[in-house]
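Notes follow the structure.
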Amino acid sequence: MALPPEVCIRGAGIVGRTLALLLARERVRVALVAPPATQGKEDIRAYALNTASRTLLESLRAWPDAAHATPVREMLVHGDEGGRVQFSAARQKVDALAWIVDVPALEQQLADAVRFQPLIEVVAEPVAAPLTVVCEGKASTTREALGVSYEVTRYPQHAVAARLDAEQSHDGIARQWFNDKGEVLALLPLGGTHGKTVALVWSVDQLRAPALLAQGDEEFNAAITEASHGALGALKLTSERGAWPLARAIADRWTGAMPGQPTRSWALAGDAAHTVHPLAARA
Ligand SMILES: Cc1cc2nc3c(=O)[nH]c(=O)nc-3n(C[C@H](O)[C@H](O)[C@H](O)COP(=O)(O)OP(=O)(O)OC[C@H]3O[C@@H](n4cnc5c(N)ncnc54)[C@H](O)[C@@H]3O)c2cc1C
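For the sequence shown, our numbering assigns the number 1015 to the initial residue and increments by one for each residue that follows.
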């Protein structure tokens, strides 16, 4: 990039990369701060994304292929006293209620799109710009350095996540079970409409989560098959398990002037500004 950047984005997660692509599309020059990647744990996250998110990501050519973005045809939610509620895309006359998206595939699409955008320069360290947008996620150090406080309300639950293979096809149905202990089990369809892979998100008491992570695979498979009432037949782990503490968090300010530089501004975006659910690093 010959001219200096107009916006410096700190953090190249889903929010930082998407914002960089949107700005570059408007002919804004962007420096995207992305420290060299380190080998971390396997990324087992799956997102439920709505039509607005799909439309936006498609417009940036960053929507994953059909194998990594499975349409939710139906949602089936079981209550703790035998009640049940069902939503159907066909009845609502829409293509899908949501799409369950494989996070590593989505991040790769965004990284590829960034690489082909000449108005985005990926840099290892922050650079001076009229506007800095902090997209460093919930544990943002820049937010802390700016003196912004981040109010965290913890819930006494952890979300246990993993990938599973099912005996039967999920048929594009997202299934959820609430039980009388306040736990919520979700099996989200992956691998295309007739796939047999599901993303597990199991919200359980924080004291129970470590035991679920420590169980042997066979024992865990049996526990999850039982908790899902055998709806998809026997379930089998295909990934490692991870757990995230559930919390709500919000920064007390989202914008301001750079300390000692009144003509330069900052703004927070994404999890650096607020989170709704999984909070800290994996437990
Ligand atoms: C199991 C699970 C399921 C989820 N499901 C959903 C869902 O269905 N739908 C949904 O909307 N959300 C979901 N979420 C939440 C979602 O993951 C976050 O909201 C989202 O990742 C926030 O994106 P972000 O870019 O703001 O932050 P992050 O994804 O955390 O990215 C921040 C980036 O900044 C980098 N960084 C950090 N510090 C610095 C620094 N000092 N300098 C430079 N770079 C830095 C990090 O390495 C990272 O790459 C889920 C989360 C989990 C854990």
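The beta-carbon is built from N, C-alpha and C at its ideal position, and this holds for glycine as well.
From the options, residue whose alpha carbon lies closest to that of residue i
| i | options | result |
| --- | --- | --- |
| ASP1094 | PRO1203, ALA1188, GLY1244, PHE1192 | PHE1192 |
| ALA1081 | ALA1034, ALA1119, GLU1233 | ALA1119 |
| GLY1025 | PRO1018, VAL1141, LEU1063 | VAL1141 |
| THR1069 | ALA1112, ARG1157, ALA1143 | ALA1112 |
| GLY1196 | THR1289, ASP1185, ARG1177, ARG1222 | ARG1222 |
| ALA1281 | CYS1149, GLN1100, LEU1017, GLN1190 | CYS1149 |
| MET1089 | PHE1234, GLY1256, LEU1201 | LEU1201 |
| ARG1043 | LEU1035, PRO1049, PRO1050 | LEU1035 |
| ARG1177 | ALA1083, THR1211, ALA1257 | THR1211 |
Pairwise C-alpha distance: residue j and residue i
| i | j | result |
| --- | --- | --- |
| VAL1162 | THR1146 | 15 Å |
| HIS1208 | SER1183 | 6 Å |
| LEU1124 | GLY1186 | 25 Å |
| ALA1237 | VAL1086 | 25 Å |
| GLU1158 | LEU1249 | 43 Å |
| ILE1023 | VAL1117 | 21 Å |
| THR1155 | PRO1170 | 26 Å |
| ALA1287 | ALA1045 | 20 Å |
| ALA1294 | ALA1263 | Any answer about ALA1294 is weak, because its pLDDT of 45 lies below 50 and its placement is not dependable; what the coordinates show is given next. Cα to Cα, the separation comes out at about 10 Å. |
| ALA1143 | VAL1128 | 19 Å |
| VAL1218 | LEU1227 | 12 Å |
| THR1032 | ARG1105 | 32 Å |
| THR1269 | ALA1188 | 38 Å |
| GLN1190 | ARG1041 | 44 Å |
| GLU1165 | PRO1259 | 15 Å |
| ASP1194 | ALA1180 | 25 Å |
| GLU1232 | THR1239 | 11 Å |
| VAL1136 | SER1067 | 24 Å |
Paired residues, beta bridge with residue i - DSSP
| i | result |
| --- | --- |
| PHE1192 | VAL1198 |
| ASP1219 | GLN1171 |
| GLU1240 | GLU1240 pairs with nothing; no bridge assigned. |
| MET1179 | It should be noted that the sequence gives Asp, not Met, for residue 1179. DSSP, once it has assigned bridges, lists THR1211, LYS1250 as partnering ASP1179. |
| GLY1270 | TRP1280 |
| ILE1187 | GLU1088 |
| GLU1165 | ILE1264 |
| ILE1028 | Paired residue(s): none; ILE1028 is not in a bridge. |
Beta-carbon spacing of residue i, residue j below 8 Å
| i | j | result |
| --- | --- | --- |
| ALA1060 | LEU1204 | yes |
| LYS1107 | ASP1285 | no |
| SER1253 | LEU1199 | no |
| ALA1283 | TRP1216 | no |
Cutoff 8 Å: residue i Cβ touching any chain D Cβ
| i | result |
| --- | --- |
| ALA1016 | The chain labelled as chain D is not found in the depicted structure, where only one protein chain is given. |
Minimum length 3: unbroken beta strand (DSSP E) runs contained in the region 1084-1154:
1088-1092, 1098-1102, 1113-1116, 1134-1137, 1145-1148
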